[in-house]
Amino acid sequence: MKALARVATLAVLTVPAVASAQAWGQPTQPPQQSWGAPPPSQPPNNGMNAGGLAPPSSNPGDPNAAYAGTEQELAKADKEDSGRGLEFFWLNAEVGGEHLGLQTFKANNLVDAGTVKTSQTGLLYGAGLGVRLVFITLGARFRLGQFTEWDIWTLNAELGIHIPLGAIEPYFTFGGGYASMGSFDSGNLGGSLRSDDVDIKGYNIRGGFGLDIYLSDTVSIGANLTGEMLVLTRPGVDPSRLQGGTPDQQEVYKADGSSIGAGVSLTGVAGLHF
4 MKALARVATL AVLTVPAVAS AQAWGQPTQP PQQSWGAPPP SQPPNNGMNA
54 GGLAPPSSNP GDPNAAYAGT EQELAKADKE DSGRGLEFFW LNAEVGGEHL
104 GLQTFKANNL VDAGTVKTSQ TGLLYGAGLG VRLVFITLGA RFRLGQFTEW
154 DIWTLNAELG IHIPLGAIEP YFTFGGGYAS MGSFDSGNLG GSLRSDDVDI
204 KGYNIRGGFG LDIYLSDTVS IGANLTGEML VLTRPGVDPS RLQGGTPDQQ
254 EVYKADGSSI GAGVSLTGVA GLHF
């Protein structure tokens with residue numbers, strides 16, 4: 004009887020231990036899903052997503068749309084800087100006064116200074132046109148100076164550097180090109196000499212400062228102050244054209260002549276911009 008009791012006691016102690024060991028070795032089961040509930044979301048098992056990384060999109064977008072967006076941003080920035088849109092073409096007209104000396108730096112019988120005034124003040128007219136590249140302008144300009152005893156005109160290439168400050172725009176100009184002088188008062192040349200008999204031409208270089216005030220995106224008014232240097236030459240006149248003049252006049256005009264002069268001008272300017 005004692006042996007039987009010992010066997011029974013050992014069996015009672017062994018069964019719970021075996022059950023506990025089996026439970027320890029079993030994997031944990033997920034909770035039972037209630038009827039009608041959606042299954043829990045599972046993260047995608049993709050190696051490219053590991054660590055928060057994702058593969059690049061198969062549709063990178065329209066490159067033309069990105070280019071158009073860049074152009075729009077540039078146009079917006081330009082308009083915010085100057086208060087206006089982009090400008091591509093310009094033209095203007097000017098009128099004012101000029102003081103010009105033909106022999107400021109050099110005098111070599113360009114004209115007979117005894118009968119022709121070499122330093123005069125007169126009216127100046129001009130017009131220009133060209134293109135604009137952001138803040139740089141390129142173009143051509145014609146100017147005509149009318150004085151009491153002679154006229155002079157120039158045709159120049161012109162470079163401008165502009166400083167956009169909203170509706171007010173200061174600028175600097177640099178130019179140079181062809182110059183021609185004529186329309187002399189024949190009474191001052193002497194004898195039978197006519198204005199067409201005296202051929203004076205050369206070149207000029209010019210620099211200036213101006214200010215434009217934009218009344219709208221396309222219309223501006225302003226002023227321009229310019230300094231100029233003129234280099235002029237004259238071939239000798241046919242002696243047959245010098246009959247009747249004084250000996251001094253004949254001596255001057257039968258030989259070649261030249262001069263280097265300078266002038267300053269102030270004009271009002273009206274412009275159109277496109």
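For the sequence shown, my numbering assigns the number 4 to the initial residue and increments by one for each residue that follows.
All residues carry an ideal CB built from backbone N, CA and C; glycine is no exception.
A straight line joining the alpha-carbon of residue 154 with that of residue 185 spans about 5 Å. Taking 7 Å as the cut-off, the Cβ atoms of residue 107 and residue 265 count as close. Counting along the chain, residue 154 sits inside no alpha helix (DSSP H); it lies in the beta strand (DSSP E) bounded by residues 154 to 165. Residue 210 sits away from residue 235, with the two beta carbons spaced by 7 Å or more. In this structure, residue 159 lies near residue 179, with their beta-carbon atoms less than 7 Å apart. Only buried fits residue 213, as 16 or more other CB atoms lie within 10 angstroms of its CB.
For residue 147, the enclosing beta strand (DSSP E) has its first and last residue at 139 to 149. Put simply, of 140, 104, 126, 132 the residue whose alpha carbon is nearest the alpha carbon of residue 119 is 104. The C-beta distance from residue 275 to residue 93 rounds to 7 Å, short enough to fall under 8 Å. By the neighbour-count criterion, in which 16 or more other beta carbons inside 10 Å mark a residue as buried, residue 252 falls on the buried side.
In the three-state DSSP reduction, residue 118 falls in the coil class, being neither helix nor strand.
In this structure, residue 215 places its C-beta atom within 7 Å of the C-beta atom of residue 172.
The closest CA to that of residue 243, considering only 111, 98, 163, 200, is found on 200. In this model, residue 90 and residue 176 are separated by some 18 Å (Cα to Cα). In this structure, DSSP gives residue 125 an extended state, which the three-state scheme calls strand. Within the model, the alpha-carbon separation for residue 73 versus residue 88 is close to 16 Å. When the five nearest sequence neighbours on each side are left out, the beta carbons in the same chain lying within less than 6 Å of the beta carbon of residue 140 are those of 133, 163, in order along the chain.
Judged by DSSP in its simplified three-state form, residue 225 adopts strand.
Apart from sequence neighbours up to five positions away, the residues of its chain that approach residue 111 with a beta-carbon distance below 7 Å are 260, 261, 262, ordered along the chain.
As a beta-bridge residue in DSSP terms, residue 215 pairs with 172, 225. In the structure shown, residue 90 falls within a coil segment according to DSSP collapsed to helix, strand and coil. According to DSSP, residue pairing for residue 109 in a beta bridge involves 263. For residue 253, the enclosing alpha helix (DSSP H) covers residues 250 to 256. Distances from the alpha-carbon of residue 146 to those of 138, 137, 136, 157 put 157 closest. Rounded to whole angstroms, the Cβ separation of residue 268 and residue 126 is 10 Å, and the two are not in contact under 8 Å.
Cβ contact annotation for residue 222 (same chain, cutoff 7 Å, sequence separation greater than five): 275, in chain order. The distance from the Cβ of residue 196 to that of residue 245 is about 6 Å, consistent with a contact at the 8 Å cut-off. Counting every other CB atom within 10 Å of its CB across the protein chains shown gives residue 166 a total below 16, marking it as exposed.
Close CB contacts of residue 99 within its chain, under the 7 Å cut and outside five residues either way in sequence, are with 127, 268, 269, 270, 271 (chain order).
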